[in-house]
Every structure is written in structure tokens, then in C-alpha cells.
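For reference, the structure is listed below as C-alpha cells.
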Amino acid sequence: KNEVEQSPQNLTAQEGEFITINCSYSVGISALHWLQQHPGGGIVSLFMLSSGKKKHGRLIATINIQEKHSSLHITASHPRDSAVYICAVPQETSGSRLTFGEGTQLTVNP
Amino acid sequence: DTAVSQTPKYLVTQMGNDKSIKCEQNLGHDTMYWYKQDSKKFLKIMFSYNNKELIINETVPNRFSPKSPDKAHLNLHINSLELGDSAVYFCASSQDYLAYNEQFFGPGTRLTVL
Numbered sequence: 001k002n003e004v005e006q007s008p009q010n011l012t013a014q015e016g017e018f019i020t021i022n023c024s025y026s027v028g029i030s031a032l033h034w035l036q037q038h039p040g041g042g043i044v045s046l047f048m049l050s051s052g053k054k055k056h057g058r059l060i061a062t063i064n065i066q067e068k069h070s071s072l073h074i075t076a077s078h079p080r081d082s083a084v085y086i087c088a089v090p091q092e093t094s095g096s097r098l099t100f101g102e103g104t105q106l107t108v109n110p
Numbered sequence: 111d112t113a114v115s116q117t118p119k120y121l122v123t124q125m126g127n128d129k130s131i132k133c134e135q136n137l138g139h140d141t142m143y144w145y146k147q148d149s150k151k152f153l154k155i156m157f158s159y160n161n162k163e164l165i166i167n168e169t170v171p172n173r174f175s176p177k178s179p180d181k182a183h184l185n186l187h188i189n190s191l192e193l194g195d196s197a198v199y200f201c202a203s204s205q206d207y208l209a210y211n212e213q214f215f216g217p218g219t220r221l222t223v224l
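Read top to bottom, the protein sequences are chains H and R.
Following the working numbering from start to finish, the first sequence increments by one per residue and tops out at 110.
Following the working numbering from start to finish, the second sequence increments by one per residue and tops out at 224.
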């Protein structure tokens with residue numbers, strides 16, 4: 001069992017739909033990262049969160065530390081949101097050492 | 111100005127060759143990383159340096175040797191390249207090595223070993 005599991009692995013949506021990507025982890029952490037990898041390959045950090053909820057534009061990330069679960073939501077999805085979304089958790093023993101989920105490939109059709 | 115830059119962007123080479131990938135960050139960060147992304151798009155940490163000192167060294171073949179001449183640069187040298195080394199290599203940096211810090215990624219170097 002991977003330490004970090006994402007679901008679904010692939011997701012196809014129509015423009016305007018509400019999207020949810022889930023991340024569950026089995027290690028104890030104090031923070032979780034959500035990353036976006038563009039079709040061209042570049043990786044950007046979307047959120048780092050340690051509790052509750054964060055919002056950036058149409059993106060919302062939530063985390064439940066007790067349940068070891070985080071979700072990334074996209075409201076009013078758009079084709080430009082098509083990308084791979086990756087969650088990553090730091091190891092307790094080495095905060096900067098991230099363990100990555102396998103990613104969720106999101107395709108938003110017009 | 112690019113925050114984290116890598117050169118080259120593409121690298122095609124023969125098995126057995128030695129090659130280097132360079133990384134520079136202009137964010138004033140103390141910590142830098144090398145990640146490998148395999149054909150299945152799975153990212154794995156390889157190395158991390160904090161202020162020029164090695165702090166993370168995963169189970170990576172010793173053909174891979176990172177070098178940090180100063181805290182703004184972290185280069186990756188690979189000896190005796192093998193087919194299995196083909197991947198995309200990402201450099202990243204963060205303010206320091208604590209868990210709470212956002213990591214900023216370079217554009218990646220696609221290495222193809224023939």
C-alpha cells in the first residue's frame with residue numbers, strides 16, 4: 001500500500017462541473033502539498049495546508065489531519081484546468097522530504 | 111526572471127556517457143532538491159541540500175552525484191548512463207527544509223538514454 005494514495009487516477013469532466021480529487025495518506029504529517037503539473041510538464045505548487053481549508057480563486061483545498069485525508073476541489077471547471085494534480089506529504093523525520101501520490105489526470109472538455 | 115532554472119531542457123545521450131544537469135534558483139532559498147519523474151509520471155526525491163550541505167540522500171545509485179557550489183546552485187552529475195536513467199529530472203527549492211514551506215520547481219530536464 002502506498003503511503004500516499006489519490007483517487008481517482010483519471011477524471012474527465014465537462015466544462016463548468018465541480019471537481020473533487022481525494023488524497024489519503026498513512027503516515028503522520030503536519031502539512032500536505034497540492035501540486036499541479038501542466039500538460040507541458042511544468043510543476044507548480046497550488047497549496048500547502050496543515051489544517052482546515054484554503055481557497056485560491058476557483059480552487060479549494062481541505063484537510064482532515066485526524067482522518068488523514070485531503071481533498072482538492074475545482075469549482076466551475078474550465079479546459080485550462082486540464083492537468084495532473086499531485087498531493088505530497090512530508091515525512092515526519094525529515095520535513096522537506098516529500099512522498100508523492102501517483103497523481104490524478106484531469107481532463108476538462110469544452 | 112525565472113525563479114528556478116535548469117539546463118539543459120532536453121538531453122539525449124548514449125549509454126555509458128557521463129552528463130550533468132545544472133540548476134539555479136534566484137529566490138534566496140536555503141534548500142534545493144533533485145527529483146526524478148519516471149515514465150509513469152511518479153515523482154521521487156533523490157537528493158536535498160540545505161545551505162550547501164547534503165540533508166537527504168535517497169537510495170540512488172552512486173553514479174548520481176549532486177554538487178552544490180553555493181546555496182543558489184545544485185547540479186546533478188550522472189556517470190555511466192544507463193537506459194533506466196531515462197526520465198524527467200526536476201530541480202526545486204524552498205525557503206528552508208521545514209515541512210511547511212512551499213517548493214518551487216524548475217521546468218524539468220528530459221533525459222533520454224539511447
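Every residue gets a Cβ at the ideal spot worked out from N, C-alpha and C, and that includes glycine.
Fair warning: this is a prediction, and the values are worked out from it, not measured in the lab.
Run of the beta strand (DSSP E) containing residue i, from where it starts to where it stops
{"i": "Arg220 (chain R)", "result": "Thr219 to Val223"}
{"i": "Thr99 (chain H)", "result": "Leu98 to Phe100"}
{"i": "Lys132 (chain R)", "result": "Lys129 to Gln135"}
{"i": "Ser71 (chain H)", "result": "His69 to Ile74"}
{"i": "Gln66 (chain H)", "result": "Where Gln66 (chain H) is concerned, there is no enclosing beta strand (DSSP E), given that its DSSP letter is neither H nor E."}
Nearest to residue i (by Cα), restricted to the options the options
{"i": "Gly180 (chain R)", "options": "R:Val198, R:Asn211, R:Gln135 and R:Lys151", "result": "For the sequence presented, residue 180 (chain R) should be read as Asp rather than Gly. Of the candidates R:Val198, R:Asn211, R:Gln135 and R:Lys151, the one whose C-alpha sits nearest the C-alpha of Asp180 (chain R) is R:Gln135."}
{"i": "Leu224 (chain R)", "options": "R:Gln124, R:Ser115 and R:Lys119", "result": "R:Gln124"}
{"i": "Phe47 (chain H)", "options": "H:His38, H:Ser70, H:Gly41 and H:Asn109", "result": "H:Ser70"}
{"i": "Asp206 (chain R)", "options": "R:Lys146, R:Leu191, R:Leu137 and R:Pro171", "result": "R:Leu137"}
{"i": "Leu184 (chain R)", "options": "R:His139, R:Arg220 and R:Tyr120", "result": "R:His139"}
{"i": "Lys55 (chain H)", "options": "H:Val89, H:Ile74 and H:Ser82", "result": "H:Ile74"}
{"i": "Pro90 (chain H)", "options": "R:Leu208, R:His187, R:Ala182 and R:Ser175", "result": "R:Leu208"}
{"i": "Ile63 (chain H)", "options": "H:Ser24, H:Gly40 and H:Thr12", "result": "H:Ser24"}
{"i": "Ile65 (chain H)", "options": "H:Cys87, H:Gly42 and H:Leu32", "result": "H:Leu32"}
{"i": "Ser149 (chain R)", "options": "R:His187, R:Leu193 and R:Ile166", "result": "R:Leu193"}
Assigned secondary structure, residue i (DSSP; H/G/I helix, E/B strand, else coil)
{"i": "Asn40 (chain H)", "result": "The amino acid at residue 40 (chain H) is misidentified as Asn; the sequence shows Gly. It is coil, neither helix nor strand."}
{"i": "Pro79 (chain H)", "result": "helix"}
{"i": "Gly52 (chain H)", "result": "strand"}
{"i": "Leu164 (chain R)", "result": "strand"}
{"i": "Cys195 (chain R)", "result": "Reading the sequence as shown, one finds Asp at residue 195 (chain R) and not Cys. DSSP places Asp195 (chain R) in helix when its eight states are reduced to three."}
{"i": "Ile29 (chain H)", "result": "coil"}
{"i": "Leu184 (chain R)", "result": "strand"}
{"i": "Met125 (chain R)", "result": "coil"}
{"i": "Thr107 (chain H)", "result": "strand"}
{"i": "Leu208 (chain R)", "result": "coil"}
{"i": "Gln147 (chain R)", "result": "strand"}
{"i": "Glu15 (chain H)", "result": "coil"}
{"i": "Gln9 (chain H)", "result": "coil"}
{"i": "Pro179 (chain R)", "result": "strand"}
{"i": "Ser115 (chain R)", "result": "strand"}
{"i": "Pro171 (chain R)", "result": "coil"}
{"i": "Asn22 (chain H)", "result": "strand"}
{"i": "Ser190 (chain R)", "result": "coil"}
{"i": "Phe152 (chain R)", "result": "coil"}
Residue i vs residue j beta-carbon contact at 8 Å
{"i": "Glu15 (chain H)", "j": "His78 (chain H)", "result": "yes"}
{"i": "Ile155 (chain R)", "j": "Glu168 (chain R)", "result": "yes"}
{"i": "Leu35 (chain H)", "j": "Ser51 (chain H)", "result": "no"}
{"i": "Gln116 (chain R)", "j": "Cys133 (chain R)", "result": "yes"}
{"i": "Tyr85 (chain H)", "j": "Leu72 (chain H)", "result": "yes"}
{"i": "Arg220 (chain R)", "j": "Val198 (chain R)", "result": "yes"}
{"i": "Ile21 (chain H)", "j": "Gln6 (chain H)", "result": "yes"}
{"i": "Ser178 (chain R)", "j": "Met142 (chain R)", "result": "yes"}
In chain order, what residues of the segment 189-213 of chain R put their CB closer than 9 Å to some CB of chain B? Absent from the structure is chain B; the protein chains it does hold are H and R.
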